[in-house]
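Trainee: These protein sequence lines map, in sequence, to chains A and B.
Here my numbering is used: position 77 in the first sequence is 77, and no number is missing along the way.
For any residue, its number in my numbering is found by taking its place in the second sequence, counting from 1, and adding 166.
We put the CB at the ideal spot given by N, CA and C, even for glycine.
Everything numeric in this text was worked out from a predicted model, so none of it was measured.
There are 2 protein chains.
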Amino acid sequence: MKSDLYTEIRQTRPFRSLEEEVYVSLRLTAQLLDEPWARYLRTTAGISPSQYNLLRILRGAGVEGRTMGEIAERMINRDPDVTRLADRTLKLGLARRIRDTEDRRVVNLFITPKGLETLERLDEAVDVFLKQALGALGPGRLGQLRDLLAAARAGRRPFPVEGQAT
Amino acid sequence: MKSDLYTEIRQTRPFRSLEEEVYVSLRLTAQLLDEPWARYLRTTAGISPSQYNLLRILRGAGVEGRTMGEIAERMINRDPDVTRLADRTLKLGLARRIRDTEDRRVVNLFITPKGLETLERLDEAVDVFLKQALGALGPGRLGQLRDLLAAARAGRRPFPVEGQAT
DNA sequence: TGACAATAACCGTTCCCACAACTATCCTTG
DNA sequence: CAAGGATAGTTGTGGGAACGGTTATTGTCA
Chain A
1 MKSDLYTEIR
11 QTRPFRSLEE
21 EVYVSLRLTA
31 QLLDEPWARY
41 LRTTAGISPS
51 QYNLLRILRG
61 AGVEGRTMGE
71 IAERMINRDP
81 DVTRLADRTL
91 KLGLARRIRD
101 TEDRRVVNLF
111 ITPKGLETLE
121 RLDEAVDVFL
131 KQALGALGPG
141 RLGQLRDLLA
151 AARAGRRPFP
161 VEGQAT
Chain B
167 MKSDLYTEIR
177 QTRPFRSLEE
187 EVYVSLRLTA
197 QLLDEPWARY
207 LRTTAGISPS
217 QYNLLRILRG
227 AGVEGRTMGE
237 IAERMINRDP
247 DVTRLADRTL
257 KLGLARRIRD
267 TEDRRVVNLF
277 ITPKGLETLE
287 RLDEAVDVFL
297 KQALGALGPG
307 RLGQLRDLLA
317 AARAGRRPFP
327 VEGQAT
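(1) Quick one: which unbroken alpha helix (DSSP H) runs of 4-plus residues sit fully inside the region 23-110 of chain A? Chain order, please.
(2) Any residues in the region 236-261 of chain B with a beta carbon nearer than 7 Å to a beta carbon of chain A? Which ones, in chain order?
(3) Counting only beta-carbon atoms, is Glu117/A nearer than 8 Å to chain B?
(4) Does Glu290/B pass the burial test, meaning 16 or more other C-beta atoms within 10 Å, or should it be called exposed?
(5) How is Phe129/A classed by DSSP in three states: helix, strand or coil?
(6) Please identify the residue among Leu122/A, Leu94/A, Ala38/A, Leu109/A whose C-alpha is closest to the C-alpha of Glu64/A.
(7) Quick test of your reading: Thr115/A and Leu58/A, contact by CB under 8 Å. State the CB separation rounded to the nearest angstrom.
(8) If you follow the alpha helix (DSSP H) that Leu137/A is part of, which residue opens it and which one closes it?
(9) I'd like to know whether the C-beta of Val22/A is nearer than 8 Å to at least one C-beta of chain B.
(10) Report back the beta-carbon spacing between Leu194/B and Ile175/B to the nearest angstrom; my notes put them in contact at under 8 Å.
(11) Using a Cβ-Cβ cut-off of less than 8 Å, list which residues of the region 179-210 of chain B approach chain A; keep chain order.
(12) Which whole-angstrom value describes the C-beta separation of Arg312/B and Ala151/A, a residue pair presumed to lie in contact below a C-beta threshold of 8 Å?
(13) In whole angstroms, what is the alpha-carbon distance linking Arg84/A and Leu18/A?
(14) Hey, does Gly155/A have any beta-carbon neighbour from chain B nearer than 8 Å?
(15) Alpha carbon to alpha carbon, how far is Asp266/B from Gly228/B?
(16) Consider the C-beta atom of Pro279/B and the heavy atoms of the ligand FMN; say whether any pair is separated by less than 7 Å.
(17) Measuring alpha carbon to alpha carbon, tell me which of Thr209/B, Lys257/B, Leu288/B ends up nearest Asn219/B.
(18) Count the other CB atoms within 10 Å of the CB of Ile213/B; is the residue buried (16 or more) or exposed (fewer)?
(19) Using a C-beta cutoff of 8 Å, does Val128/A count as contacting chain B?
(20) Using a Cβ cut-off of 7 Å, pull out every chain A residue sitting near Leu303/B, in sequence order please.
(21) Quick one: what's got a C-beta closer than 7 Å to Thr233/B's C-beta in the same chain, skipping five residues either side?
If you want it as structure tokens, here you go:
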């Protein structure tokens, strides 16, 4: 038995390397976990995973709010995307934007009461979702997985290969 | 030291659960691996990761070709998206579409010589990329990671929770 | 055979994400 | 204080992914 990976993507020939198998496995796993959560968010709260993320960030920021740049850092997204993500979220009445009076280049984003309510209604569902998605592994294997993923990130080396010169 | 995860997303408060930490870690890792590869594909071959995937599938299919539905299964995408992905790939001259003569509802996709050349130029780069991205873990930890990811997929339970009835 | 369901793919729409180019504002320094 | 550079966001554009609904074709069966 070659694990479920081959059947899940109807792969017939072997992977070229262990690295390739892990890469595909990683992408597939992330994808399979995201799907049901995205669907749930859309149908019950009418928001996307990105918007959920944004609201979590804004709730964490409290009355201070966050600038677009700070949000971009935490989202691992680029600034331009945050602008439009914010646009969509404002339109739903879940966030508010206020231009800074000190530095008029800066725009601060805040969560609205409606946004807070939306998050609160989802808080319990997140826990259930994560439990369903990953709880079966148990603390031991979850810890291993977390550490291996951290090691993978730490071990990355630049690509395309740099500094090849003499 | 709380691993790099906290600093990578500027997270200040602890995660609500180990499951949440693993979930975020998984998403972040997948994201960090995808980025450089996507950039490389775009700048050197002018294609997207999805198009690369499509070409790999078509190369594997050889002269038989693949129907849209078969491709969708292997891509973990929906049919409508494959239609348009194919459109863009055809426009680049990397694939060809032929309507089946037996069952005229069916459309078969094939890779062109130009598409094959494109893939061949990338074959070596893939190996280098994967080595740079994940090679540092070594076979032992890569094997563990693959198995843990497979276990995570196998352990998933439906969400939203179904079949709660007696 | 003629209605009707099933199947394969496509279209319209929306949101997400990446890059490049741009505007507005602020800071520096001669 | 007036360039000129740096910084913060926005806009333009295009590929990608999800959903629902639609068209074309085939299969079924009364």
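Mentor: In short, the structure shows the following:
(1) 49-61, 68-75, 79-91
(2) Glu239, Arg240, Ile242
(3) no
(4) exposed
(5) helix
(6) Leu109/A
(7) Rather than Thr, the amino acid found at residue 115/A in this sequence is Gly. The Cβ separation is near 7 Å, so the contact holds.
(8) Unbroken run through Leu137/A: none, as it is neither H nor E.
(9) yes
(10) 7 Å
(11) Arg179, Arg182, Ser183, Leu184, Glu185, Glu186, Glu187, Val188, Tyr189, Ser191, Leu192, Arg193, Leu194, Thr195, Ala196, Gln197, Leu198, Leu199, Asp200, Pro202, Trp203, Tyr206
(12) With 8 Å as the limit, Arg312/B and Ala151/A do not qualify as a contact, their Cβ atoms being about 14 Å apart.
(13) 39 Å
(14) yes
(15) 16 Å
(16) With respect to the ligand FMN, the structure shown offers nothing to examine, as it has no ligands at all.
(17) Leu288/B
(18) buried
(19) yes
(20) Ala151, Ala152, Gly155
(21) Val272, Val273, Asn274
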